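The sequence shown stops at residue 747 when you use the numbering used here, and every number in between is there.
Here a beta-carbon is modelled for each residue, glycine too, at the ideal position from N, C-alpha and C.
Only a predicted model underlies this, so the values are computations on that prediction, with no experimental measurement involved.
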Amino acid sequence: MPRIRMLLLGLALSSCLTTVAMAVDLTVGSSTEPAAIDPHFSRSGNSQQIAAQVFNRLVEPDENLQIQPGLAVSWENLDELTWEVKLREGVTFHDGSPFTAEDVVFSLERADEIPNSPAPFTANVAPIAAMEIVDPLTIRFTTTKPTPQFMELAGLVFIVSKAAAEGASIEAFNSGEAAIGTGPYKFASWTPGDRYTLVRNDDYWGKAPQFENVTYRLMSNSAARVAALLAGDVDLIDAVPPGDIATLEASDGVQLHTTASGRIIYLGLDSARDESPFVTGPDGALLNPNPLKDVRVREAMSKMIDRQLLIDRVLSGAGTPAGQLAPAGLGGHAVSLQPDQIDIEAAKALLAEAGLPDGFGITIHSSNDRFPGDGDVAQALGQLFQRGGLTVNGVVTQPYNVYATAAGKQEFSAFIFSFGTTTPSAAPGMTNVLMTFDEAAGTGSFNRMRYSNPEYDAAMRAALAEFDPATRNRLLEIAAEIAFHDYAILPLYWPEVTWASREGIGYIANTSEDTLATYASVTE
């Protein structure tokens with residue numbers, strides 16, 4: 224049973240206690256910690272999890288990645304370059320101030336200006352050429368070019384209070400002073416490395432939140448999360464390790480909630496620089512030219528990977544081998560792109576053709592607390608590459624907060640990362656992860672490899688300018704075929720994701736892998 228606090232307001236004439244109101248608290252064992260409370264600091268999932276509860280967006284994705292009205296109630300494409308967005312009436316911020324178009328304009332201008340952001344919102348706002356406030360609840364947007372997916376981009380930027388956030392430092396957000404949103408929960412406190420807490424917003428414009436107080440205990444260790452759930456110390460945990468699913472299924476008073484993920488787990492390769500910091504020759508010196516620039520080498524490495532073995536051994540079968548960014552069912556998924564099968568002889572032949580018959584040295588980097596098995600996947604990849612003829616100088620895993628920052632600075636040569644698709648098509652991921660990094664154009668924001676292919680970029684520009692959804696998806700498929708035949712990244716798998724809760728707590732398993740109090744409920 225969840226922990227329940229009962230407010231006793233009086234005694235009945237019979238001297239029996241009468242419960243006239245009941246408030247329910249929720250404690251979550253969370254696998255990740257936010258990098259900051261500022262919702263514009265990072266688009267990465269660990270930071271967006273808290274942002275999605277304290278702040279709102281113009282549109283909100285549901286559990287199946289379909290966008291629904293949020294702070295915007297309607298939007299209309301007046302012509303190829305003009306969108307008119309109507310805002311929701313009667314919404315207030317947590318401090319009681321009214322939500323208006325000025326807050327939207329301020330938030331969209333601010334979103335790509337946050338210093339030292341490891342995963343900025345640049346691509347989301349890049350199409351905006353101008354914003355005109357028609358009235359307090361109407362905005363007319365002009366885009367730099369035809370942008371059919373405009374609401375899937377700008378619409379998914381979190382809206383902050385201009386009055387609270389203007390000029391505010393990251394410390395002001397982390398303390399709660401500037402963390403004023405319109406979301407279902409108010410930010411209460413954050414103790415880094417320990418927990419953060421939320422309090423119900425009783426004036427929320429949407430469906431009333433069920434829990435009065437929500438505590439996220441920050442527990443990167445998977446075994447600790449499972450133990451806390453079984454001991455009754457938490458009500459809900461995320462990122463259930465695949466190896467623990469059978470144990471939890473057999474435990475009394477525990478419920479599992481599982482779904483396929485839209486997140487791709489991939490190996491990024493430093494394919495841009497002439498020298499890469501962890502690519503070495505037989506003498507241990509850095510190789511120049513960097514072999515990862517050669518598509519034959521990237522293909523060889525892909526053919527060294529036994530994806531099904533990774534899934535079976537590390538994930539207990541909870542995943543699907545991947546050959547591209549988007550899983551089946553999302554726009555841009557190309558049926559023609561199947562995952563490579565392990566083929567060591569073909570891999571060695573490709574290395575020899577590239578002038579590397581004896582292979583080369585490589586170090587694998589990964590997070591160790593971002594998603595289930597990430598550190599173990601890195602170790603397994605190291606073994607597979609060693610068997611394939613490479614010299615694996617090391618496998619290094621780090622906490623995600625440290626790791627993501629270093630990856631964003633291009634400090635690695637071969638690194639495991641993920642990207643979660645949270646929209647109906649793969650367009651945002653294909654734009655952010657694979658297009659050439661161009662801050663001004665808003666492309667390649669997550670392109671930590673600095674991969675660049677002009678043919679792919681041109682194909683993506685054509686797709687992103689197409690307003691007909693079916694045609695746009697076909698153009699996205701063409702672009703995907705270009706990138707993945709060039710081994711822009713090495714896709715590994717799409718995981719299944721599982722949450723576990725105590726009896727009496729329900730949870731909506733969702734494709735975007737969000738662990739939100741709004742997806743939890745009391746079921747008894």
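| If you run the structure through DSSP and keep just helix, strand and coil, what is F410? | Numbered from its first residue, the sequence shown carries residue 410 at position 187. Strand, per DSSP.
| Strand pairing of K309, partner residues [DSSP] | As a working note, residue 309 is residue 86 in the sequence shown. Paired residue(s): S297, T361.
| request: Quick one: residues in its chain with C-beta nearer than 6 Å to the C-beta of L657, no 5 flanking neighbours on either side, listed in chain order? | output: Start at 1 with the first residue of the sequence shown, and residue 657 comes out as number 434. Same-chain partners within the cutoff: A706, A711.
| query | For M527, which residues from the same chain have a beta carbon less than 6 Å from its beta carbon, with the 5 sequence-adjacent residues on both sides left out? | reply | Your numbering for residue 527 matches position 304 in the sequence shown. A distance below 6 Å between beta-carbons, with the five flanking residues on each side excluded, links M527 to the following residues of its chain, in chain order: A570, L607, F608, G611.
| message | Between which two residues does the alpha helix (DSSP H) holding R684 run? | response | Taking the first residue of the sequence shown as position 1, residue 684 is located at position 461. The continuous alpha helix (DSSP H) containing R684 extends over residues 677-687.
| Do A495 and M672 have their CB atoms nearer than 8 Å? | Stepping through the sequence shown from its first residue, residue 495 is reached at position 272. Stepping through the sequence shown from its first residue, residue 672 is reached at position 449. Cβ atoms of A495 and M672: closer than 8 Å.
| field | Residues that DSSP places opposite M354 in a beta bridge | value | Against the sequence shown, residue 354 aligns to sequence position 131. F364.
| request: Report all residues from its chain with a CB closer than 7 Å to the CB of A274; omit the five preceding and five following residues, and keep chain order. | output: The count along the sequence shown starts at 1 and reaches residue 274 at position 51. Excluding positions up to five away in sequence, the list reads P262, F381.
| Residue range of the alpha helix (DSSP H) that Q531 falls in? | In the sequence shown, counting from the first residue as 1, residue 531 sits at position 308. Taken as a continuous stretch (DSSP letters only), the alpha helix (DSSP H) holding Q531 covers 530-537.
| query | At what residues does the beta strand (DSSP E) containing G729 begin and finish? | reply | Taking the first residue of the sequence shown as 1, we reach residue 729 at position 506. Note, G729: beta strand (DSSP E), 728-730.
| C-beta contact flag for I403 and A387 at 8 Å | Taking the sequence shown and counting its residues from 1, the one referred to as residue 403 is at position 180. Taking the sequence shown and counting its residues from 1, the one referred to as residue 387 is at position 164. Going by C-beta atoms, I403 is nearer than 8 Å to A387.
| task | Under 8 Å by Cβ, that's how I've got G643 and A346 pegged, so tell me the actual separation to the nearest angstrom. | result | Counted from its first residue, the sequence shown places residue 643 at position 420. Counted from its first residue, the sequence shown places residue 346 at position 123. Actually they do not touch by this definition, with Cβ atoms about 15 Å apart.
| Cβ neighbour criterion (16 or more within 10 Å) applied to N397 | Counting from 1 along the sequence shown, the entry for residue 397 is found at position 174. Around the beta carbon of N397, 16 or more other beta carbons lie within 10 angstroms, which makes this residue buried.
| said: Suppose contacts are defined by Cβ-Cβ distances below 8 Å. Is A743 in contact with T481 by that definition? | reply: In the sequence shown, counting from the first residue as 1, residue 743 sits at position 520. In the sequence shown, counting from the first residue as 1, residue 481 sits at position 258. Cβ distance not < 8 Å, so A743 and T481 don't count as in contact.
| request: Locate the beta strand (DSSP E) running through T345, then write down its first and last residues. | output: Locating residue 345 in the sequence shown gives position 122, where the first residue counts as 1. Annotation: T345 is outside any beta strand (DSSP E); the continuous alpha helix (DSSP H) that includes it extends over 345-348.
| task | Taking the CB atoms as reference points, tell me whether N424 and Y439 lie closer together than 8 Å. | result | Position 201 of the sequence shown, counted from the start, is the residue given in the question as residue 424. Position 216 of the sequence shown, counted from the start, is the residue given in the question as residue 439. Against a cut-off of 8 Å, the Cβ pair of Y439 and N424 comes out as no contact.
| query | Since P692 is in the alpha helix (DSSP H), which residue starts that stretch and which ends it? | reply | Numbered from 1 along the sequence shown, position 469 holds the residue referred to as residue 692. If you look at P692, you'll find it in the alpha helix (DSSP H) that goes 692-708.
| When DSSP labels each residue in this structure, what does A740 get in the three-state scheme? | Mapped onto the sequence shown, residue 740 falls at position 517. Here A740 carries a helix assignment [DSSP, helix/strand/coil].
| task | Enumerate in chain order the residues of its own chain whose CB-to-CB distance from F660 is below 8 Å, with the five nearest sequence positions on each side excluded. | result | Position 437 of the sequence shown, counting from 1, holds the residue named residue 660. Cβ contact annotation for F660 (same chain, cutoff 8 Å, sequence separation greater than five): T666, G667, S668, N670, R673, S675, in chain order.
| Tell me which same chain residues have a C-beta within less than 6 Å of the C-beta of A391, skipping the five on either side of it? | What you label residue 391 is simply residue 168 of the sequence shown in a count that begins at 1. Cβ within range, chain order: A401.
| task | Kindly give me the distance between the Cβ atoms of E307 and T361, rounded to whole angstroms, as I take these residues to be in contact under 8 Å. | result | One-based indexing of the sequence shown puts residue 307 at position 84. One-based indexing of the sequence shown puts residue 361 at position 138. 7 Å between Cβ atoms; contact.
| request: Please classify E719: is it buried, with 16 or more other beta-carbons within 10 angstroms of its beta-carbon, or exposed? | output: If you number the sequence shown from 1, residue 719 lands on position 496. By the 10 Å Cβ count, E719 comes out buried.
| task | Within its chain, find whatever has a CB closer than 6 Å to the CB of A630; leave out the 5 residues flanking it on each side and keep chain order. | result | Residue 630 sits at position 407 when you count from the first residue of the sequence shown. Cβ neighbours of A630 beyond the five flanking positions: F638, R671.
| Alpha carbon to alpha carbon, what distance is there between R593 and Q621? | Taking the sequence shown and counting its residues from 1, one reaches residue 621 at position 398. Taking the sequence shown and counting its residues from 1, one reaches residue 593 at position 370. Between Q621 and R593, the C-alpha separation is close to 10 Å.
| query | Using the beta-carbon count (16 or more within 10 Å), is P415 buried or exposed? | reply | Here residue 415 corresponds to residue number 192 of the sequence shown, with the count starting at 1. The residue is exposed, with fewer than 16 neighbouring Cβ atoms inside 10 Å.
| request: Tell me whether the beta-carbon of P562 lies closer than 8 Å to the beta-carbon of P714. | output: Against the sequence shown, residue 562 aligns to sequence position 339. Against the sequence shown, residue 714 aligns to sequence position 491. Taking 8 Å as the cut-off, the Cβ atoms of P562 and P714 count as close.
| Between Y679 and the rest of its own chain, which residues show a CB-CB distance below 8 Å, the 5 nearest in sequence each way excluded? | Numbered from 1 along the sequence shown, position 456 holds the residue referred to as residue 679. Within the same chain, Y679 has close Cβ partners L657, M658, A702, I705, A706, D709, A711.
| said: Whether or not the segment 248-265 and the segment 306-325 are in contact is what I'm after, with contact meaning three or more pairs of Cβ atoms, one per stretch, closer than 8 Å; do they touch? | reply: Flag = no, the segment 306-325 and the segment 248-265 do not touch.
| Would Q564 be called buried (16 or more neighbouring beta carbons within 10 Å of its own) or exposed? | On the sequence shown, position 341 is the one that residue 564 refers to. Taking all protein chains shown into account, Q564 has fewer than 16 neighbouring C-beta atoms within 10 Å of its C-beta and is therefore exposed.
| message | Please tell me whether F373 and P350 are closer than 8 Å, where the distance is taken between their beta carbons. | response | Indexing the sequence shown from 1 puts residue 373 at position 150. Indexing the sequence shown from 1 puts residue 350 at position 127. Against a cut-off of 8 Å, the Cβ pair of P350 and F373 comes out as a contact.
| query | Thinking just about the alpha-carbon of each residue, which of V422, E747, D737 is nearest to the one in R486? | reply | Sequence index remark: in the sequence shown, residue 486 carries index 263 (1-based). Scanning V422, E747, D737 for the CA closest to the CA of R486 turns up D737.
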